[in-house]
Amino acid sequence: DAKTTQPNSMESNEEEPVHLPCNHSTISGTDYIHWYRQLPSQGPEYVIHGLTSNVNNRMASLAIAEDRKSSTLILHRATLRDAAVYYCIRNAGNNRKLIWGLGTSLAVNP
Amino acid sequence: DAGVIQSPRHEVTEMGQEVTLRCKPISGHDYLFWYRQTMMRGLELLIYFNNNVPIDDSGMPEDRFSAKMPNASFSTLKIQPSEPRDSAVYFCASSLFGTGNEKLFFGSGTQLSVL
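Chains A and B supply the protein sequences, listed in that same order.
Start counting the first sequence at 1; every next residue gets the next number (my numbering).
Start counting the second sequence at 1; every next residue gets the next number (my numbering).
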């Protein structure tokens, strides 16, 4: 199965770091791991992606396990605007067909 | 760039009517995707195009659904006849170069309600 496994929901406090886990135990060696997020009433937006090495950008960091069977999206300081559904996605053989799960709904408390 | 533009933002129609959803991708992008989102099934890929040519329509649920991309700046998703179970949010997304690891840029979606 090409879908990943994520917790249904998580909660964080404002200005604290958030670690969003994702399991992709059946990932193949050439599949990238993508993260998107969806704010209420909006389309998904790209957050970050990676293959083997940890990745950083202005939005977040992506930590990929050495065996690549799991990864963690890290928001270094959560803000109220980070409240969204976060999707962890892997390629499904055909690189154009990203298979989306139901994601993790992140609530951020003030 | 204005991003991916979808219209209408909301559509309410009666069962049996034809519905046409529209999408303008980001200029220069060579891939266009149509997705459907429901609470139960999440985001589902319906069809995608590369350089205006349909590549994979295996996600299109039935013959009632059809999609076209007459040029690089416009695509439509048509449902005829519409049914209540088609009620969902439909998203269009575009990307560049199709390396497989490119970013997808999504529109704001069309909220479709079929009564």
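Note that beta-carbon positions come from the ideal geometry of N, C-alpha and C, so glycine has one too.
Separation of residue j from residue i, as counted between CA atoms
{"i": "B/ALA2", "j": "A/ASN8", "result": "33 Å"}
{"i": "A/ARG77", "j": "A/SER25", "result": "28 Å"}
{"i": "A/ASN54", "j": "A/ALA60", "result": "11 Å"}
{"i": "A/ASN23", "j": "B/MET15", "result": "41 Å"}
{"i": "B/GLN6", "j": "A/PRO21", "result": "32 Å"}
{"i": "B/PHE97", "j": "B/GLY28", "result": "9 Å"}
{"i": "B/SER73", "j": "B/ALA67", "result": "14 Å"}
{"i": "B/VAL4", "j": "A/TYR46", "result": "14 Å"}
{"i": "A/GLU15", "j": "A/LEU73", "result": "16 Å"}
{"i": "A/GLY29", "j": "B/ASN50", "result": "25 Å"}
{"i": "B/TYR31", "j": "B/ASP57", "result": "14 Å"}
{"i": "B/ILE55", "j": "B/SER95", "result": "14 Å"}
{"i": "B/SER75", "j": "B/ASN52", "result": "9 Å"}
{"i": "B/TRP86", "j": "A/LYS97", "result": "Correcting the residue type first, residue 86 of chain B is Asp in the shown sequence and not Trp. Distance between the alpha carbons of B/ASP86 and A/LYS97: 22 Å."}
{"i": "B/GLU102", "j": "A/CYS88", "result": "15 Å"}
Proximity to residue i [Cα-Cα], best of the options
{"i": "A/GLN6", "options": "A/LEU98, A/TRP35, A/GLU16, A/ASN56", "result": "A/TRP35"}
{"i": "B/PRO25", "options": "B/VAL12, B/PRO70, B/ASP86", "result": "B/PRO70"}
{"i": "B/LEU46", "options": "B/GLU11, B/ASP63, B/ASP30", "result": "B/ASP63"}
{"i": "A/GLN38", "options": "A/ARG90, A/TYR86, A/LEU102", "result": "A/TYR86"}
{"i": "A/TYR32", "options": "A/PRO44, A/LYS69, A/SER41", "result": "A/LYS69"}
Buried or exposed by the 16-neighbour rule on C-beta atoms within 10 Å, applied to residue i
{"i": "B/GLU83", "result": "exposed"}
{"i": "A/LEU106", "result": "buried"}
{"i": "A/HIS19", "result": "exposed"}
{"i": "B/ARG41", "result": "exposed"}
{"i": "A/ARG90", "result": "buried"}
Any contact of the region 85-93 of chain B with the region 35-47 of chain B, i.e. 3+ C-beta pairs under 8 Å?
yes
Stretch pair the region 63-79 of chain B + the region 15-22 of chain B: three plus CB contacts closer than 8 Å
yes
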